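Participant: The structure's right below; bear with me while I get my questions together.
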Amino acid sequence: MRGSDGNDGSNVRVATHDDLSTIGTTHGAAFLDDPIARWMVGERRTTEKRVGRIYEALAAGHLGDGLSYMTPDGEAVAVWAAPKRFKVPIRKFTRHIPGVLRALGPAGFARLVSMADVEKMHPPEPHYYLAVLGTRPDQQGHGYATATMSPVFRRADAEGVGCYLESSKEENVPFYRRNGFEVTGTYDLSGGRGPRMWLMWRDPQPTG
């Protein structure tokens, strides 16, 4: 799957725990205006640093799968989970709780915990889960996001396995559709009091 500039994923590398700071910086900028990030942190408290702390902690829970990819300079990062491993193990998240709590405050942390209900929306069949995808705003439009997804697309297609994600912005739905995803439903956080998410599924594509 190629991006708008022809990126096919060959110019990306696996993200590791050594990259957590860069991941936090990239996703902090990418999700600064994100409805869910602002809902968790609070409109008046939202900063790139606080938002980045949340996504840094989330990434830490998935990097062990070796399926998360980033561009060499961190313009974009895609955090993936392997089939049947989309839940972040508590033991991997625990060490990040103090920093996340400082970023969110008690009310925001409670909202974050409540998002565990979203896990119930996952399709029952095995799938690769795109937990987070973000590109720094000043680097958008170069195909970096698609490039970071491509290695897992190739793997999923070769295995005949689907991919799944939740989009926090309706305006991002067309981008994901261009990459093979389709909306399967929506989910409103906090019983309809929070932001809406668009649930999207990608069938494995023919290879060869």
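So for the sequence shown, my numbering puts the first residue at 367; every next one is plus one. Beta carbons: idealized from backbone N, C-alpha and C, even for Gly. Remember, predicted model here, so these are calculated numbers, not experimental data.
(1) Considering only residues of the same chain and omitting the five flanking positions on each side of THR514, which have a CB-CB separation below 8 Å?
(2) For the alpha helix (DSSP H) that GLU414 lies in, which residues bound it at each end?
(3) In angstroms with no decimal places, state the Cα-to-Cα distance between CYS529 and ASP400.
(4) Look at ARG468 and LEU555 and say whether their C-beta atoms are less than 9 Å apart.
(5) Can you tell me which of GLY551, PHE519 and TYR510 puts its alpha carbon nearest to the alpha carbon of SER533?
(6) Starting from ASP523 and walking both ways along the alpha helix (DSSP H), at which residues does that stretch end?
(7) Return helix, strand or coil for ARG502, following the three-state DSSP convention.
(8) In chain order, what residues of the same chain have a beta carbon less than 6 Å from the beta carbon of ASP504, not counting five sequence neighbours either side?
(9) Evaluate PRO517 with the Cβ neighbour count: other Cβ atoms within 10 Å of its Cβ, from every protein chain shown; 16 or more gives buried, anything less gives exposed.
(10) Between PRO570 and GLU485, what straight-line distance do the alpha-carbon atoms span, to the nearest angstrom?
(11) Note down, in chain order, each residue of its chain lying with its Cβ closer than 7 Å to the Cβ of ALA381, except the 5 sequence neighbours on either side.
(12) Considering only the alpha carbon of each residue, which of PRO572, GLU525, GLY471 and MET566 lies closest to VAL539?
(13) Mind checking which residues open and close the alpha helix (DSSP H) that includes PHE475?
(14) Taking the alpha carbon of GLY560 as the reference point, which residue from PRO464, GLY526 and VAL407 has its own alpha carbon closest?
Facilitator: Working from what's here:
(1) GLY375, VAL378, TYR435, MET436, THR437, ALA442, VAL443, ALA444 and LEU499
(2) 414–426
(3) 22 Å
(4) no
(5) GLY551
(6) 510–525
(7) coil
(8) none
(9) buried
(10) 22 Å
(11) ILE389, LEU429, SER434, TYR435, MET436 and VAL443
(12) MET566
(13) 463–480
(14) VAL407
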